[in-house]
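Note that the working numbering has the sequence shown beginning at 6, numbered continuously upward.
For glycine and all other residues, C-beta sits at the position ideal for the given N, C-alpha and C.
Here's the structure we're looking at; comments come further down.
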Amino acid sequence: MYFYDKIFYDYIKLIVCSGKFNISLNSRYFLICYFFIFLSTVFIIPQTIFEEPTHAKPLAMNVGVIYDDKWANNIKTFLSTVINNIYNENSSLIFTINPIFSSKIPQCKNIIGSGEGAYILSQIYYSNQNKNSNIGGVETFIGPTCSSDLRIASRISKQLNLLEFNIWNEYVNEAFDNEIVQMSTESGTNIALNLYTVLTRLNWKQVALLYCSECMFKFNGNILVNEEDLTLQTIMNVLKANYIIVTECIVVKKQDMNNSIYMKKLLQELKTKTRIIVPIFGASLNNYKAYMEAAKENDMKTNKYMTIIFKFFEFPKSPEPWITTNGSINEDILKLYDRTIVLKNDYYLEEQINAFEKKYSLQVTDNSILFYLQLYETIFTFMFMITKAYAHSSNNISLFSSSEYSSYLMEYIRNNKIDGPYGPIYFDNSNQRVAPYKIEAIEYSTTVKGYNKFIDININEICISEDVDPSYSKNCPALIAYITNTDAHILEDLPQDMPSCGFDGELCDQTGTIIIIVAVIITVILVTLIFIFVRRMRTGETANMPWAIEPEDLEIFEDNSHLIGSSGGFQSNVSIHSMHQQFGSKVKMRELLRNCLVGKIKGTGTVFVEPYQLKEKMVYDKQDMQLLFTLRQTIHDNINPFIGICMDNKRNEFSFIWQCALRGNLSSMLFSQQDKIIRDVDIGKDFTGAFVRDILKALDYIHSSSLQYHGGLTPSNCWIDSHWILKIGGCCTARMLFKWKSHGILAELRKAIRNNMHTNKIEKLEFSNADGQKQDIYSFGIILYEMLFKKKVVEIDDSYGMQNNDEDFGIFNTQAEALIPLYPTIPENHDDVHPDLISLMHKCYNGNASLRPDSNMARKITDATLKMPGSLVDQMIKNLEQYTNNLENLIEERTGELEREQKRAEQILLDLIPKSVADDIKLGRKIEAKTYKYCTIMNSDIVGFTSLCSGILPMEVVNLLSGLAKNFDRIITDNKCFKIETIGDAYVVSCGLPEPSRYNNVKNIANMTLQMREFLLSYKVPHRPEKHLQCRFGFNSGPVFSGVIGLKAPRFCVFGQTASIASKMEQNGVPDHIQMTLRSYQLLEGKFPEFICVPRGGIRIEGIGTLLTYFLEGKDLSKIRTDLVPWDDTDIDN
């Protein structure tokens, strides 16, 4: 009975009493009645206040439900089942829910003031209002789910004092209005609070946001094309309220998010404005791949920048981008995500989601399951919160029967929490649900490859404490973060959120620094210019003398001793093509370097040096300067580059310097005894044609250039480089040497005569440019003669016509020059030489220089007669191709041999170590010691073997042991046993390891020993056929443990008392007898009665005591047990 009912009843009694007895208020009877009523009131009022309602449980509360069916189907059935399950599964609940639906379902529209869902809310409220009182029938609402509806519904709820739950979307100023209870774990408020907590913990106050609305599931695709996404605005509002500066906020379209070019350009702009970037691109980390690639290309994967990304709710979960289909890690992709902080919404576990889906028979395959989960949590939260609020109000049923309960419950929910179905559900001061995210870093290092958790975010319990000051609770931070892994790689060098001087240096005054830098630069430039000017003044080097080489820059290799190896070739420090391949001896190197040295110039490399002795100071006239300048600038494929002139006035030395040609000169190839290449019949024509073509190309270029003519063309001046290209050297130097000698400037050693002499017959060295070209053709004719006939025009020795140690300071040896014929004689036997070439040589030797052909004509004749497709290198490449084809067959043959050798080596290893152990060794695994419970060990030893060996030759001993081992090994293999080791004639054999065997191990050993004994009875000793070998056998069964000893020569060993006793069985055995222990006898007797065993009795064994042993005599096949069901012998626990 309610309180008001009792008071009404008491007043009725008072009226009845006064009427019945017709008494006045002052009468005694009236006072008695009044006293009775007073006592009733005293006892009844407290009872009615504190007792629970007397009507039947539960108390149903009307709750309006407004939703958009785009996200869910059969909501009415789902809610009915959920409400009943929650109430029935929680006995402490007093209140239940009566859901009120509208016949209309609102559709989300991005139109200001559309408010279809808000209209349905007001319609439900007024249609269910109690007409006879001011108490509303529906004071609580779940929904609507559209942002435009929520904006209007929040104002209606505030005006009508309603309690409204938001389970899906955002609306303007949601984080601060306090009008609606937010239930989503992925609301803009919760995202912002988690982000703010991480930023604060890492001391970052400035960030840039990149947001993709289409990538968020609530606004994805065509599901809600007209819906307005206010998540970004909410995030911005919360960060701003917490004093986080958002330097840039950019909305990215989905098509641009996956465009690497767009993202690269975007990050190029951002890197100058921010250091901490927060892209929000949805649930899957695959959405961030283009961003990560752009960050790498912009050099933002360093300790100057940091990226914070989100991994929202996803069902079903997609694999991480760096995880391949077979479960391995793609390290290239993982490196893209390295040094990235990830905020994960892992509030709902996958097994919980699957159980929920199964329990309520939901057929959902995407993120829509989140709508059902949050709707379920909202029902759960309301039923528990109203029950707790009712208890908090001292069971004031009148309060919860009025319209005031919604305000009371709203205030009760604020800064409160309950234990939800999937974890704690906490509400902050604005009734916004706050759920901590999981904070991890993606790392690629030697210790971590993937996620590495380093921060924990928890609910700030101080904010929900009953003792907290309300003024503090209003601004209390809902989340608090702790660093749990200080060793995380990402914490080693965190960036600042802004450079110390600002992004544009606006925080620092750089004027003084700029002045100092400019002054330093100007000083360095002035010092450098002065140094260069002084150096040029001292050395005389000007723009007109690029050929002048400083003596300090030239290093002469003394006697060329360190350039020549044991076989006469250049060492590798001269060139990448070692001269060791070209020259056969030091004698040949001396022939090559007869009139020049080898040296090195800084910045140029190895060079040839032609030294000359000066008698007077060198003076260059204008013609010399121009010629040397032109020669230095000349670049052609068939002209050996002129490096310059080195003048050493201290030593009175003067040197021409040329680029080093590593294959020597043409004279060396033609006439050296060690070089036979040009004389080969098959290859000689190709070499001759290539070299002749190269000489004529060079002459054609020289005759058409300002150089005009060579003036000293000889086979010694025709150099071959590493690519077998002939290059003419010594260009124009002969005319200058003759002039300087005539002026008394130059002195020449007699050994240099031959280079400048015999090919310039008939004329002298000084002639006009036109005549000089004709003399080059004469020299070409001489070279062609020597190349075609492989002989010199005339044999002249350097020492001809001079005394020992005599020196001539002229250029020519008159006596030697007189031996050169005026017209070289063509050999009579020249059938292998084309007639046109003979005719060309005759024309080159014509005494009338004007009748000699020019280089162009000579080139046409030689091209027609010495045809060669392609260059010399092309011909060599063809030979290499043929060699390559043969090399493939050779490789295949060698590979087959290698495979056979590998198989042979593997078989040898398997003979020493069990296959399973050998496989682990090959794979590099650590071999751990292993225990075997069921194993039999057998030891054997030949009796009198030492005395037997003393009477025979060592080779006979080897043959004896080889015969025994061959047959013993065959018997061991046939019985599935394993030979552990052999020491001379002694054998140690096991069964039951490494392949486990519970019972068959003793049977196999017994069969093996019987067969070994039987073999020895019939075995005849080589060289001693009358001798019979006797052997002691002993075995024991029991547990052992094994392991591999050593690394370079690993041995498989067995240890344990079982192995020790087996050895004692052999040592204390009887020749030609097989002794076993009691344990082995029991196994044979129980499982294999066909073996004949006789007791030997007790024997004393040193270190162990007396043991009962048996002899194995033989085998009776008629006693084999057939009544037993075959067992799985390997199904044991080792």
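Leaving out five residues on either side along the sequence, give the residues of the same chain with a beta carbon under 6 Å from the beta carbon of residue i.
i, result
"I346", "I313 and A446"
"I281", "W209, V212, M311 and D502"
"K984", "I977 and V994"
"L375", "F318"
"S921", "P999"
Beta carbon of residue i: closer than 7 Å to some heavy atom of the ligand SAH?
i, result
"D781", "As for the ligand SAH, it is missing from this structure, which has no ligand bound."
What is the DSSP secondary structure of residue i, counted as helix, strand or coil?
i, result
"R206", "helix"
"Q713", "coil"
"I682", "Because the pLDDT of I682 is 43, which lies under 50, any placement of that residue in the model is unreliable, and the number read from its coordinates should be weighed accordingly. Of the three classes helix, strand and coil, the one that applies to I682 here is helix, per DSSP."
"C468", "helix"
"E812", "Interpretation of E812 is limited by its pLDDT of 45, a score under 50 that renders its predicted location unreliable; no figure is taken from the coordinates."
"P1100", "strand"
"R344", "coil"
"Q1016", "helix"
"K1008", "helix"
"T1140", "The structure shown does not extend to residue 1140, since the chain spans only 6 to 1139, so no value can be given for it."
"Q211", "strand"
"Q1141", "It is not possible to answer for residue 1141, since the shown part of the chain is limited to 6 through 1139."
"P104", "strand"
Output needed for residue i: all residues of its chain with C-beta closer than 7 Å, excluding positions within five of it in sequence on either side, in chain order.
i, result
"G428", "Y352"
"Y442", "N199, L348, K349, N350 and I462"
"N894", "none"
"M1147", "Here the chain comprises residues numbered 6 to 1139, so residue 1147 is not present and cannot be evaluated."
"N465", "C481, P482, A483, L484 and I485"
"A524", "none"
"I391", "M66, F100 and L414"
"G777", "Q713, Y714 and G716"
"Y176", "S152, L155, R156, S159 and L235"
Compare the beta carbon distance of residue i and residue j with 8 Å and say whether it is the shorter of the two.
i, j, result
"G425", "F385", "yes"
"R1003", "Y939", "yes"
"F1020", "Q1080", "no"
"A869", "D841", "yes"
"H389", "T145", "For clarity, residue 389 is Phe in the given sequence; the question names His instead. Contact: no."
"S323", "S366", "no"
"R857", "Y783", "yes"
"D1121", "I1104", "no"
"R637", "P720", "no"
"L1141", "L731", "Coverage of the chain is limited to positions 6 through 1139, which leaves residue 1141 absent and any answer about it impossible."
"S411", "N166", "yes"
Report the residue from the options whose alpha carbon sits nearest the alpha carbon of residue i.
i, options, result
"L602", "W663, K779, M792 and D154", "W663"
"V259", "K294, L244 and T279", "It is worth fixing the name first, because residue 259 is Lys in this sequence and not Val. Nearest C-alpha to K259: K294."
"L339", "E1000, M297 and I942", "M297"
"S1173", "G120, V1049 and E191", "No answer is possible for residue 1173: it lies beyond the span of the chain, which begins at 6 and ends at 1139."
"S709", "L675, F83 and N774", "N774"
"V1099", "L1083, K872 and T1111", "L1083"
"M305", "N103, N291 and K270", "K270"
"Y850", "G1043, I788 and G749", "I788"
"K1032", "F950, G1108, E1000 and L1088", "F950"
"G455", "F315, T1111, I328 and C113", "I328"
"K422", "N1009, N436, S412 and E409", "N436"
"E1118", "G1110, G1091 and P1076", "P1076"
Once the 5 residues before and after residue i are set aside, which same chain residues still bring their CB inside 8 Å of it?
i, result
"V47", "Because the pLDDT of V47 is 48, which lies under 50, any placement of that residue in the model is unreliable, and the question is left without a value."
"I125", "I71, S107, K109, P111 and P149"
"L632", "L712, C737 and M741"
"K276", "N303, M305 and Y310"
"E383", "Sequence check: residue 383 is Thr here, not Glu. Taken in chain order, the residues that qualify are I147, F170, I172 and M188."
"S97", "T392"
Is there a C-beta anywhere in chain C that falls below 8 Å from the one on residue i?
i, result
"D461", "Going by chain labels, chain C is absent from the structure shown, which holds only one protein chain."
Q.
Extract the residue ranges of the alpha helix (DSSP H) inside the stretch 321-384, only unbroken runs of 4 or more that lie entirely within it.
A. 336-341 and 355-364
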